[in-house]
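Have a look at the structure below, then the notes.
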Amino acid sequence: MSADRSTSASSSHSNARREIRFSGHVQGVGFRYTTQDIARQFDVRGYVRNLPDGKVELIVEGDEREIDRLVRSIENRMGSFIRNVTSSLMPATGEFRDFSIRH
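Counted the way the working numbering counts, the sequence shown spans residues 4 to 106.
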């Protein structure tokens with residue numbers, strides 16, 4: 004059962020990359036750790052990090068549907084801290100093996 008899910012998730016639409024920036028009160032509230040915790044529930048790779056301008060950057064690759072579900076989950080869990088979200092979709096680079104927090 005889970006083998007079918009893994010196979011279909013990794014073989015279809017696995018070439019998407021989304022670069023997302025969250026602004027608002029998103030630093031110092033556990034945003035990166037919560038994002039990493041949520042990301043581990045999805046078949047995605049990439050990283051999350053704080054930016055010097057007070058925003059949080061999320062770079063994520065995987066199936067477009069998985070990425071959409073991840074972003075919705077982050078917004079549902081951390082929405083009270085988020086004021087704005089900008090997002091760019093592009094082809095994946097395949098540079099990530101897992102999902103991590105960058106410092």
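For every residue, glycine included, the Cβ atom is placed at its ideal position computed from N, Cα and C.
**Item:** Proximal residues to F84 (C-beta, below 7 Å), its chain only, five neighbours per side dropped
**Value:** The residues G27, H28, V29, V32 and F34, in chain order, have a CB closer than 7 Å to that of F84 in the same chain once the five nearest residues on each side in sequence are set aside.
**Residue environment, M81, which counts as buried when at least 16 other CB atoms sit within 10 Å** = buried
**Request:** In angstroms with no decimal places, state the Cα-to-Cα distance between L92 and D40.
**Result:** 22 Å
**Message:** Going by DSSP in three states, S9 sits in which element: helix, strand or coil?
**Reply:** Confidence is the limiting factor: at S9 the pLDDT is only 37, short of 50, which leaves the residue's position unreliable and the question unanswerable from this model.
**Asked** Buried or exposed: E98, going by 16 or more other Cβ atoms within 10 Å of its Cβ?
**Response** exposed
**Asked** Mind checking if R24 is an interface residue toward chain B, Cβ cutoff 9 Å exclusive?
**Response** The structure shown contains no chain B, having only a single protein chain.
**Request:** Check whether the Cβ atoms of V88 and L73 sit closer than 9 Å, and answer yes or no.
**Result:** no
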